[in-house]
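Visitor:
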Amino acid sequence: MSGHQDNEELKGSSNMETEIGPDGQPLVSLAEVEDAELAQKDSQSMSQGQLIRRRFLNHKPAIISSIVLVVITLTAFTSIGFAGIPGWWNQSYLKSAELINGGAPTLHLWPTWLGGQGFAIGDHPFGQDNTGKDYFALVMRGTQKSIIIAVVVGAVATVIGAVIGAVAGYFRGWVDEVLMRLTDLFIVIPLLVLAAVLGKMAGSASGSILTLAFALGLLTWTGLARLVRGEILTLREREYVAAAQAMGSKTSRVIFKHLLPNTVGVIVVNATFAIAGAILLETSLSYLGFGVKAPESSLGLLISQYQNAFTNRPWLFWWPGMMIVTIALSVNFLGDGLRDAFDPRQTRKAKRRNKKELS
Amino acid sequence: MLKFILKRLGASLGILLAASFLLYILVINAGDPLGDLRESVSDNREHLMAQRTEYMNLDQPWYGRYWTWLTGVSKCFALQCDLGTNIQGQNVADLLSVAASSTLRLVVLATVLAAIFGIAIGVLTAVRQYSGLDYGVTFLTFLFFSLPVFWAAVMLKEYLAIGYNDWIKEPGFSTPQIIVIAMVFGFLMQVFLAGSVKRRLITFAVSAAFVGVAIPYLVWLNFFRYPQLGLVGIIVLSLAIALSGTAMTVGVRNKQVLYPALITVALGIIMYYATFSLLQAPNTWLLIGGGILAVGIPGAIGYFMGGRLRKVAMWVSAFTGFALAALTVLDHIYRAWPGFLKLKPRPIGTIGSQTPDFVGGFWDVFLDRGAQLLLPTILLAVISLASYSRYTRTSMLEVGQQDYIRTARSKGLSERTVIFRHAFRNALIPIATIAAFDFAGLIGGAVITENVFGWKGMGEMFATGLTHVDPAPVMAFFLVTGSAAVLFNMLADIFYALLDPRIRV
Amino acid sequence: MSIQAQVPSSIGTALSFENLSVVFDTEFSQVHAVKGLSLEVYPGEVVALVGESGSGKSVTSTAAMGLLPNNANISGKAFVGGINVVGLPEAKMRKMRATDIAMVFQEPMTALNPVLTIERQLTESLELHGLAYGKEATARAIELLELVGIPDPAKRIKQYPHQFSGGQRQRIVIAMAISCDPKVIIADEPTTALDVTVQAEILDLLRELKDKLNTGILLITHNMGVVADLADRVAVMFRGSLVETGTVDQVLNHPQHPYTQKLLSSVPRLEAVDVSGNWVPEPLAAVDPNRKLILEAKNLVLEYDMRGTKFRAVDDVSFDIARGEILGIVGESGSGKSTIAKAVLGLLPVASGKLAVQGSDLTKLRPKAARAIRAKMGVIFQDPAASLNPRFPIGDCITEPMVVHKVGNRAERIKRAKELLEAVHLPTSVINRYPHELSGGQRQRVCIARALTLDPELLIADEPTSALDVSVQAAVLEMIQELQERYEFACLFVSHDLAVIDLLAHSVVVMKNGKSIEQGRVSDVLHAPQEDYTRKLLAAAPVPEPGEQAIRREARRLLLAAEKGL
């Protein structure tokens, strides 16, 4: 009993007991039983998308991560405002001020009965930097920029990777050769090195974070392209693809209607991982000085700017770092949840109930 | 097989060439190397610009400069590398020879450690899918995936290195600390050993109690400053290894395996005394030679005494021999530790790949290098370990669903045999390919790590070179890391072919 | 075995089940796979457990091996040599595998570990169960390979699985199963993945071994021909329960239960080959002057490009099909039969020769005209699980040809889809369901509907029923026949099953290694074959009637002996 057949067997005899046909005669053929079951089926039809959604909603870490991500994104964009729209936070990331209590954070979460100061947000929940600027506002601004960069990198890499991967997988031949050699290139030149060089170029060219994001997107598509290519190579051997070709469908229809939609799992999952990777790549580059440069801002740049403050004002180091870890971790868990939802092969988990009753 | 390797090597060299061209073009277009001088107001501005133009061949067009670089590199085949001069006119080949060794030491060590531990953890979590251990490890790997390297590095420096250095001055534990450590240890042991609730409770209690007693005892011995293993320690530990090795393979009643292992222990104790003075001031070759003998001789004993269980006997004896050798080395390191602490009161370094002007015996230098290497290695290894364990887990689970695994089970093989003989080798095949990509990633990670820990390695060479739009050091960095990546890739390919007879035969 | 349990009811049996039930917990529900099954297998006896997919036959056997996945809840008893293995601790169960109960699997291509030598895989169970060690074990393994008919075993034992053919691998799996002299062997569809001639050889081998070793064999199969060939007793399963048991003669020749009767009547049967030599061919009907040629192949050559080297899959084959005719192409795997279908569908370029649809040569058409001609063809493939796009609702699947060729508006398309669903006897409500909600046979009917959407002149059917169960196959074949009579399209029907071709086709091409061996009217080729290869194929296909099969077996033996004598 191979895995595949196993599935079929389980599906074949579902729980519905339809031994009696519509005319009252007992059913004695598998074909008849199946047809009777189909006719009887009144449950809501479930598309693949609905099944996936249902599995995803059962994945707790992914749901928690999604909530965390939404909260972070909303806070980052609404608190200090975005694109000229003012936010609800009353401090500015530009304005220096007097240092209060050495700029220590005023956020307190430790309850009084445990010897803490109770719950309080205070004026500067994340503290102040050495010139007295509100660090919460600064971190929120860095978070905004980092999220923008990550999303742009993810989007650019996903679009390029999916299209090139699909084309290479479908046509094979020289397109495929070129793609494989290109990805080999990244074995020889580490991604970070190439990204640093491009980041430096983008930085000296315009200095805008979008240029940097596009440059990074142009580098990080190869992983996804490889995966999509592999997926397409298997899918194109499926008979529904042969059927579509045989009925005279155009190549573009075959790729965009039959092949790519069926790789959506791989694409979505890897887009999330690409976003997590992009956040870390941007912070690394900014840290080395080849990424985002002042007066722009990002979480990586904040850490880099304040790294020497660690011994005196550790919070200047902690907050952006924690933010990066939280975002990257949430995105990774989200991706994991999506993967399980799209590809439930390895998550077939069933509770061992009734075990004792039966035996 | 040879043809396969040569073909791969040829393709890799082609890629290396193309990559060098691409990188060169990108680097020289990443800015203006004369930028700072153009804005300069000093008198000798013209002179400095002329000098820099000469160092960097700026009078030549871009293809001319690349060609000059390439011909210089091609002289490497005649062992006379000419990698050009950097922006200050220093010979890059000389700079490189210093930088390369420390970086490669770091990266190779981290890769090997990450691969070994990562694969082991991956197998364990795959076998215990959906256990507490699996969930815990999964969470940790995701956390490691999400850590910015430099941020984690600063944390390690601050809490691990500085914390330890402060603590080692007067090592000791308060009672609450001991209780917490014992609890945590007990908890981890029960997660690791698993079993029924009762078994887990027993494991927890026994291991927590053990730690609770052992720590005060070690503190009383002042073990952390004056560690010792001693003859008794070596005998007890090596006997435990010989016995458990036998028990895990064929069972202790089996004399064909047990006796060679016990003989190995006896021989090892004798060798411990025989080599004692020699090992107090050894050299690297002596250690390597000794290690080979320590594995080879027990292997031979196993071969001649093993009878029909020859293979198992060889493995168990050789492993016991290896463990004994490791214990002997550990004993000598322990003996050198107090002296080392006097030479270097704050042992774990946070800056540089070696303490400047450090003078001491073989073991002292060994400990110094090791202590400097500790943090960056932990950092790099842990991050890369996460991906190895993840890939291994996925691969093992995938292989676990194959038909031949069911065939193996239907023969009545134990789960351990099924996993190691049938599943593991098949699961390693895809991992060999991933290793090549991972190595490249680690080199990237090393650039950052060196920056944080202030190593004068190749990462630093690359970063400074790029900042000054200076292609020579950047390309030198690329030459070493790229070749290393190609080499690693090829090793992975060979390993791949060794694992998979469908490619070999 | 050292453990001895006293269970009177199972004494003397090699394997017996008492009221065995298995329930699986699945992702969203529970599935009752086996419902209270009782069955005995005695030493030296072959009991066939017969049923269609979902009948629970494989689950039953896997339960006896103690290899069911964790989500299975087992109740009742399963005795192996007197010991109840339900709920037996894993360590004890392990000791019984291979020595008391062994298994032969369906898929020989994947049942062997690709990275270990045959020697290693054969000797490990011998060493594990303490039967032989080292050189002795290797010697024993070589003996076993010799016993199962692997030529030059001493040398080949050092090789890896991929160096053996499918049939040889199945022999190795059988050698593995008998290596520790088990009391009972479970053979789970042991010949399903093999070609008919190889199947016949494996069946011969199993019969020989059974007599030599006096083990009991539980044969799991859906193929009634295999049952007739090998089994002593038969048990028929339907949806988790046993519906009928008896001797092979009782069950196959005088079935009592309506399910068994229906099942047997669904099996397409080959009419007996005339061996008397007095076959008088039906007189050739005068060539119909109105015979309208739809598909014509002349000296067709097809090649695959394998990394620069050309592999010739079809070599110089000619045939034609006219309106209202069905041409069967039959052959074993690798014969090139499906390649021809691929070329007609335009999925593979023609290397040389002529391939024309309604007179226009496919090789010379411009892309646009080539696309237009595709509207006149419909196709049905083998694998119902893969031939519908999982993201399209059934309605979209069926109307896709209309969308591609821009025929009709939305309302017309829906109307057409409903018509077609009725034609293939599916409820029209299916239109909004997704392929994964349908069974294999139902999906295959959707494929037929899709193939007929544009009223094709030509239907290409590439093994359309080989993945289906017998009764479902019968329904699908009947449907194709009925629709073909109604719409009178020409049909190219590719199959490995001679009986199906016999039932359906008017003329046939027998292929081997890319060449046409014999072709002509079905009544001539399949009933009075002129070529040895066709005869061998016919002789190898088992028929579901024990008496007749015994005669055929003997005839085949003589045929092979005569060939050897030459």
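So the protein lines, in turn, are chains P, C and R. Residues 0 to 358 in numbering that gives the first Met the number 0 are what the first sequence lists, from first letter to last. Residues 0 to 504 in numbering that gives the first Met the number 0 are what the second sequence lists, from first letter to last. Residues 0 to 565 in numbering that gives the first Met the number 0 are what the third sequence lists, from first letter to last. Each residue gets a CB set at the ideal place from its N, CA and C atoms; glycine is no exception. None of the values given here were measured: they were computed from a predicted structure.
1) Kindly list the residues whose CB is nearer than 7 Å to the CB of residue 304 of chain C, restricted to its own chain and excluding five residues on each side of it in sequence; keep chain order.
2) Let me see if you follow: with CB-CB separation under 8 Å, is residue 102 of chain R close to chain P or not?
3) For the segment 108–121 of chain R, enumerate the residues whose C-beta is nearer than 9 Å to any C-beta of chain C, in chain order.
4) Tell me whether residue 60 of chain P sits in a helix, a strand or coil according to DSSP, three-state version.
5) Please name the residue in R/380, R/384, R/379, R/410 whose C-alpha comes closest to that of residue 394 of chain R.
6) Hey, does residue 410 of chain C have any beta-carbon neighbour from chain R nearer than 8 Å?
7) Just how far apart, CA to CA, sit residue 207 of chain P and residue 292 of chain P?
8) Report yes if the CB atom of residue 325 of chain R is closer than 8 Å to the CB atom of residue 492 of chain R, and no otherwise.
9) Between residue 329 of chain P and the rest of its own chain, which residues show a CB-CB distance below 6 Å, the 5 nearest in sequence each way excluded?
10) Pop quiz: residue 532 of chain R and residue 563 of chain R are said to be a contact at Cβ under 8 Å. What is the actual Cβ separation, rounded to whole angstroms?
11) Does the distance from the C-beta atom of residue 198 of chain P to that of residue 290 of chain P stay below 8 Å?
12) Give, in chain order, every unbroken run of the beta strand (DSSP E) that is at least 3 residues long and sits entirely within the segment 477–503 of chain R.
13) Kindly provide the ranges of any alpha helix (DSSP H) runs that are 4 or more residues long and lie completely inside the segment 220–287 of chain C, ordered along the chain.
14) What residues in the segment 310–322 of chain P bring their beta carbon closer than 7 Å to a beta carbon of chain C?
15) Secondary structure at residue 35 of chain R, three-state DSSP: helix, strand or coil?
16) Residues of the segment 237–262 of chain P in Cβ contact with chain R at a cutoff of 9 Å, in chain order, please.
17) Report the neighbours of residue 175 of chain P on chain C: residues whose CB is nearer than 7 Å to its CB, in chain order.
18) Taking 8 Å as the threshold (beta carbon to beta carbon), is residue 500 of chain C in contact with chain R?
19) Is it true that the CB of residue 266 of chain R sits closer than 8 Å to the CB of residue 223 of chain R?
20) Taking 8 Å as the threshold (C-beta atoms), are residue 266 of chain P and residue 436 of chain C in contact?
21) Does any residue of chain P have a CB that is nearer than 8 Å to the CB of residue 73 of chain C?
22) Residues of chain R with a CB under 7 Å from the CB of residue 360 of chain P: which are they?
23) Note down, one range per segment and in chain order, each alpha helix (DSSP H) of at least 4 residues found wholly within the segment 101–183 of chain C.
24) Run down chain P in chain order and give the residues with a C-beta less than 8 Å from the C-beta of residue 530 of chain R.
25) Residues in the segment 206–240 of chain R with C-beta within 7 Å of chain P's C-beta atoms, listed in sequence order?
26) DSSP on residue 34 of chain P, reduced to helix/strand/coil?
27) Please state the DSSP three-state secondary structure of residue 327 of chain R.
28) If contacts are defined as beta-carbon pairs under 8 Å, then residue 614 of chain R and residue 49 of chain R qualify, I think. What distance do you get, rounded to the angstrom?
29) Do you know how far the Cα of residue 432 of chain C is from the Cα of residue 422 of chain R?
30) Would you say residue 215 of chain P and residue 280 of chain P are within 8 Å of each other, going by their C-beta atoms?
31) For the 8 Å Cβ check, are there 3 or more pairs between the segment 291–307 of chain P and the segment 259–276 of chain P?
32) For my contact list, residue 463 of chain C and residue 160 of chain C are in at a C-beta cut-off of 8 Å; report their separation, rounded to the angstrom.
33) Any beta carbon from chain R within less than 8 Å of residue 232 of chain P's own beta carbon?
Guide: This is what the structure gives:
1) Residue numbering aside, residue 304 of chain C sits at position 305 when the second sequence is read from its first letter. Only 255, 258, 259, 312 meet the Cβ criterion.
2) On the third sequence, position 103 is the one that residue 102 of chain R refers to. No, residue 102 of chain R lies away from the interface with chain P (no Cβ there is under 8 Å from its Cβ).
3) 108, 109, 110, 111, 112, 113, 114, 115, 116, 119, 120
4) In the first sequence, residue 60 of chain P corresponds to position 61, counting from 1. In this structure, residue 60 of chain P counts as helix in the three-state DSSP scheme.
5) If you number the third sequence from 1, residue 394 of chain R lands on position 395. Closest by alpha carbon: R/410.
6) One-based indexing of the second sequence puts residue 410 of chain C at position 411. Chain R, which has a Cβ nearer than 8 Å to the Cβ of residue 410 of chain C, makes this yes.
7) Locating residue 207 of chain P in the first sequence gives position 208, counting from the first residue. Locating residue 292 of chain P in the first sequence gives position 293, counting from the first residue. Their Cα atoms are separated by approximately 9 Å.
8) By one-based count along the third sequence, residue 325 of chain R stands at place 326. By one-based count along the third sequence, residue 492 of chain R stands at place 493. A contact, by the Cβ cut-off of 8 Å.
9) Residue numbering aside, residue 329 of chain P sits at position 330 when the first sequence is read from its first letter. Contacts found: 64, 67, 68.
10) As a working note, residue 532 of chain R is residue 533 in the third sequence. As a working note, residue 563 of chain R is residue 564 in the third sequence. That pair is no contact at about 16 Å.
11) Sequence index remark: in the first sequence, residue 198 of chain P carries index 199 (1-based). Sequence index remark: in the first sequence, residue 290 of chain P carries index 291 (1-based). Cβ distance < 8 Å, so residue 198 of chain P and residue 290 of chain P count as in contact.
12) 489–494
13) 229–248, 254–273
14) 316, 320
15) Taking the first residue of the third sequence as position 1, residue 35 of chain R is located at position 36. Strand at residue 35 of chain R.
16) 237, 238, 239, 240, 241, 242, 243, 244, 245, 246, 247, 248, 249, 252, 256, 257, 260, 261
17) One-based indexing of the first sequence puts residue 175 of chain P at position 176. Simply none; closest approach about 15 Å.
18) As a first step, residue 500 of chain C must be located in the second sequence, where it is residue number 501. Closer than 8 Å to some Cβ of chain R, the Cβ of residue 500 of chain C qualifies, so yes.
19) In the third sequence, residue 223 of chain R corresponds to position 224, counting from 1. In the third sequence, residue 266 of chain R corresponds to position 267, counting from 1. Yes, the pair counts as a contact, with Cβ atoms nearer than the cut-off.
20) Translated into the one-based positions of the second sequence, residue 436 of chain C becomes position 437. Translated into the one-based positions of the first sequence, residue 266 of chain P becomes position 267. No, Cβ-Cβ distance for residue 436 of chain C and residue 266 of chain P is not below 8 Å.
21) As a position in the second sequence, residue 73 of chain C is number 74, starting the count at 1. Not one chain P Cβ lies under 8 Å of residue 73 of chain C.
22) Chain P is shown only over 0 to 358; residue 360 of chain P falls outside these bounds and no answer can be derived.
23) 131–144, 148–154, 161–168
24) Along the third sequence, read from residue 1 onward, the residue named residue 530 of chain R stands at position 531. Simply none; closest approach about 32 Å.
25) 238, 239
26) Against the first sequence, residue 34 of chain P aligns to sequence position 35. In this structure, residue 34 of chain P counts as helix in the three-state DSSP scheme.
27) Within the third sequence, the letter at position 328 stands for residue 327 of chain R. Here residue 327 of chain R sits in strand by DSSP.
28) Nothing can be reported for residue 614 of chain R, as the shown portion of chain R is limited to 0 through 565.
29) For this step, residue 422 of chain R is matched to residue 423 along the third sequence. For this step, residue 432 of chain C is matched to residue 433 along the second sequence. Using only the alpha carbons, I get a separation of about 52 Å.
30) On the first sequence, residue 215 of chain P is found 216 positions in, with the first residue counted as 1. On the first sequence, residue 280 of chain P is found 281 positions in, with the first residue counted as 1. It is a contact, given that the beta carbons lie within the stated cut-off.
31) no
32) Locating residue 463 of chain C in the second sequence gives position 464, counting from the first residue. Locating residue 160 of chain C in the second sequence gives position 161, counting from the first residue. With a Cβ gap of about 25 Å, residue 463 of chain C and residue 160 of chain C do not count as contacting.
33) Numbered from its first residue, the first sequence carries residue 232 of chain P at position 233. Closer than 8 Å: no.
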